[in-house]
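Student:
2 protein chains.
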Amino acid sequence: MRALVLGSAAGGGFPQWNCGCPNCDGVRRGDPRLLARTQDSVAIAPASTGEPGGWTLLNASPDIAAQIQANSALHPRARRDSPIRSIVLTNGDLDHTLGLFSLRESWPLVLYATDAVRQGLEERNAVFRTLRRFPTQVTWKRLELGRPTPLEGEGGAPTGLTVEARPLPGKPPVHLVGVTPPSPEDNVGLWIRDPARGKLVVYATAVSRVDGLQDSFDGADALLLDGTFWSSDELVALGLSRARAEDMAHAPIGGDGGTLAALARVRAKRKIYTHINNSNPILLAGSPEERAVLDAGWEIAHDKMEISV
Amino acid sequence: MRALVLGSAAGGGFPQWNCGCPNCDGVRRGDPRLLARTQDSVAIAPASTGEPGGWTLLNASPDIAAQIQANSALHPRARRDSPIRSIVLTNGDLDHTLGLFSLRESWPLVLYATDAVRQGLEERNAVFRTLRRFPTQVTWKRLELGRPTPLEGEGGAPTGLTVEARPLPGKPPVHLVGVTPPSPEDNVGLWIRDPARGKLVVYATAVSRVDGLQDSFDGADALLLDGTFWSSDELVALGLSRARAEDMAHAPIGGDGGTLAALARVRAKRKIYTHINNSNPILLAGSPEERAVLDAGWEIAHDKMEISV
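If you read the protein sequences in the order shown, they are chains A and B.
Residues 2 to 310 (my numbering) make up the first sequence, in order.
Residues 2 to 310 (my numbering) make up the second sequence, in order.
1. Measuring alpha carbon to alpha carbon, tell me which of B/D195, B/F218, B/G213, B/R210 ends up nearest B/V203.
2. Taking B/T91 and B/A250 to be in contact with their CB atoms under 8 Å, please state how far apart those CB atoms are, rounded to whole angstroms.
3. Would you please verify whether the beta carbon of A/E106 is less than 8 Å from any beta carbon of chain B?
4. Can you name, in chain order, every residue of its own chain whose Cβ lies under 8 Å from the Cβ of B/S107, other than the five neighbours on each side?
5. Looking only at its chain, what residues have a beta carbon closer than 7 Å to the beta carbon of A/Q68, apart from the 5 residues adjacent to it on each side?
6. Under the three-state reduction of DSSP, which class applies to B/S103: helix, strand or coil?
7. Taking buried to mean at least 16 other C-beta atoms within 10 Å of its own C-beta, is A/A46 buried or exposed?
8. Between B/N24 and B/N278, what straight-line distance do the alpha-carbon atoms span, to the nearest angstrom?
9. Is there a Cβ from chain A that is less than 8 Å from the Cβ of B/R243?
10. According to DSSP, what are the bridge partners of A/Q40?
11. Show which residues of chain B have a CB atom less than 8 Å away from the CB atom of A/V180.
12. Would you mind listing the beta strand (DSSP E) stretches within the segment 221 to 297 of chain A that are 3+ residues and don't spill past its ends, in chain order?
13. Taking Cβ to Cβ, would you say B/L101 is nearer than 8 Å to B/L132?
14. List the residues that DSSP assigns as beta-bridge partners of B/A71.
15. On the DSSP letters alone, give me the boundaries of the beta strand (DSSP E) that B/R167 sits inside.
16. Tell me the residue span of the alpha helix (DSSP H) that contains A/R30.
17. If we count the other Cβ atoms within 10 Å of its Cβ and call it buried at 16 or more, is B/E52 buried or exposed?
18. Quick one, are the C-beta atoms of B/P196 and B/T163 less than 8 Å apart?
19. Helix, strand or coil: how does DSSP classify B/V175 here?
20. So which residues of chain B does A/H76 contact, with C-beta pairs closer than 7 Å?
21. For A/V128, count neighbouring C-beta atoms within 10 Å of its own C-beta (all shown protein chains included) and say buried if the count is 16 or more, exposed if not.
22. Which chain A residues sit within Cβ distance under 9 Å of B/D82?
23. Could you check what DSSP says for B/E155 in three-state terms: helix, strand or coil?
24. Tell me whether the segment 175 to 189 of chain B and the segment 218 to 235 of chain B touch, counting them as touching only if at least three CB pairs, one residue from each stretch, are closer than 8 Å.
25. Please classify B/D64: is it buried, with 16 or more other beta-carbons within 10 angstroms of its beta-carbon, or exposed?
26. Is there a Cβ of chain B sitting closer than 8 Å to that of A/V175, yes or no?
27. Straight-line CA distance for A/R3 to B/E155?
28. Looking only at DSSP bridge pairs, what is A/A46 linked to?
29. Can you give me the C-alpha to C-alpha distance between A/D248 and B/D26, rounded to a whole angstrom?
30. When you compare the CB of B/R268 with every CB in chain A, is at least one pair closer than 8 Å?
31. Distance, Cα to Cα, A/T181 vs A/G121?
32. Could you run through the segment 39 to 69 of chain A and flag, in chain order, every residue whose CB is less than 9 Å away from some CB of chain B?
33. For the alpha helix (DSSP H) holding A/A117, just list the boundary residues, first then last.
34. Report buried or exposed for A/L201, applying the criterion of at least 16 other Cβ atoms within 10 angstroms of its Cβ.
35. List the residues of chain B that A/G156 touches, going by C-beta distances under 9 Å, in chain order.
36. Does the Cβ of A/E165 have 16 or more other Cβ atoms within 10 Å, making it buried, or fewer, making it exposed?
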């Protein structure tokens, strides 16, 4: 299986438009220790896919047009074409769904989502009608929790990959709080398998607690995990917000209760933090926090990172 | 008055994600005759504004984060800050509004729009609640057709500029066709004035016919006009679509009925085509169509073009 990290930043990207924190200031100034990042999304293809081939996106970020442009494997091969066949949504957050509306130029797409995510998007927003210009423009495939679903490739042919959504502790999107009742379908992680080759990639980029999850991460060839914040009070300490990491449903990396400590013994071949907020000190090469992550055997995702398992 | 062209492409941008036309192929290959462009948006500030100062955006394109990043005048000057004070919307098209949802990180914005555009956006989309996180996050100011409205600057102080919306022949956004009755408020041009200095910028980037408009363009210090298509059958001839320019409510530039001929005698100091579709041959430096435009005294907008009037 191949995975291309299209974007490795949390919502808002890095730098974030209205943020003057030291990291954002530094990356704007061109500090070589800091690398700009677009918002979280990953493209997946089976190992057998030629170049270019049929790709599945995990989430559709607001930066999707620039992400496609930056990755030649996703460029069209004909006058009207895209090697992007389907998109899997892990929740209804705008940083994971807004990009759908940038893929509206008459290209058929298969969207995989839980019923809760589909309803929040399709049934409550007139803008979704832009993806209904012709009957086959969007085909929804329901993600049932805990049940592997085959991923379609080009022309509806099987890719050989399956995706299983599992509920993760999180929260509904800000714009649906108080509108729809919370559901375990609001926020899922993805277990993506190539059964024929015995490969597993786990994508869990929004998770508020990891206690009890270690067993389900064991055996992954690559684990892409929520690396939004280093510490609970990161935004507060920088004067950026009054919200703590947990208020925003992201388990911090560092500290006694952090994911680095909690998952120290997880048996995954590659462990990669992604969905990294602009405020996170692991973005600064050479920082003690970056060192702690790397010394513990984790990697830090960057845009255009290629993962082959 | 100062105007920064943030994006000069039509919806989809240049290159467009799923387009393999000669222009898109060429710009991906790095052909030096072709320049990549993001989607239509302009930033306006009064001449007296220091650097950085208070800016008004005309439309909010899906590429807004990259556009802000590319223009240092729009960078934050403090830990949480933006010199962007307000946004004027000319219609509800997604290539003009989707960027609003990328400005959701707790910064107060003043949005100027007609009632029809506001309603289509605010009342029919749950996602708009992401801009209602605190009571002052979005303040709407109603654009009444034909009536100049003062543009607010930082802290609500007047910028000294006014904006007047005038109805332009066009159409409602694709996602509202059949949902709301057509209205003259669906699609407007903007007449932006600095009355103290006697300056006028006209921004009319979606217009299906220009007959009868010449008088209202006369006297502009800069006219930014719809340059989507060179010819009516451009998309058909390239095999990209069955739609003609007029079906998409954009008057073509070339030919007997085109805007270049129709507006040959318009008295504007600078005449600039923008909102240029990826299929348009004027994008190719040295093409006969580019020469015809330049020889007629028009300019072709590019991203980061600066206009001082």
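The beta-carbon is built from N, C-alpha and C at its ideal position, and this holds for glycine as well.
Since this is a predicted model, take the numbers as computed values, not measurements.
Tutor: With the structure as the only source:
1. B/F218
2. In fact, because the Cβ distance is near 12 Å, the residues do not count as touching under 8 Å.
3. yes
4. R81, R134, F135, Q138
5. L7, G8, T39, S42, S62
6. helix
7. buried
8. 10 Å
9. no
10. A/A10
11. A127, R130
12. 223 to 227, 271 to 275
13. yes
14. Beta-bridge pairing links B/A71 to no other residue.
15. 159 to 168
16. 23 to 30
17. For B/E52, the pLDDT reaches just 46, beneath the cut-off of 50, and the residue's location in the model is therefore unreliable, leaving the point undetermined.
18. yes
19. helix
20. R29
21. buried
22. N19, C20, G21
23. helix
24. no
25. buried
26. yes
27. 48 Å
28. A/R3
29. 45 Å
30. no
31. 8 Å
32. T39, Q40, P63, D64, I65, A66, A67, I69
33. 116 to 123
34. buried
35. Simply none; closest approach about 16 Å.
36. buried
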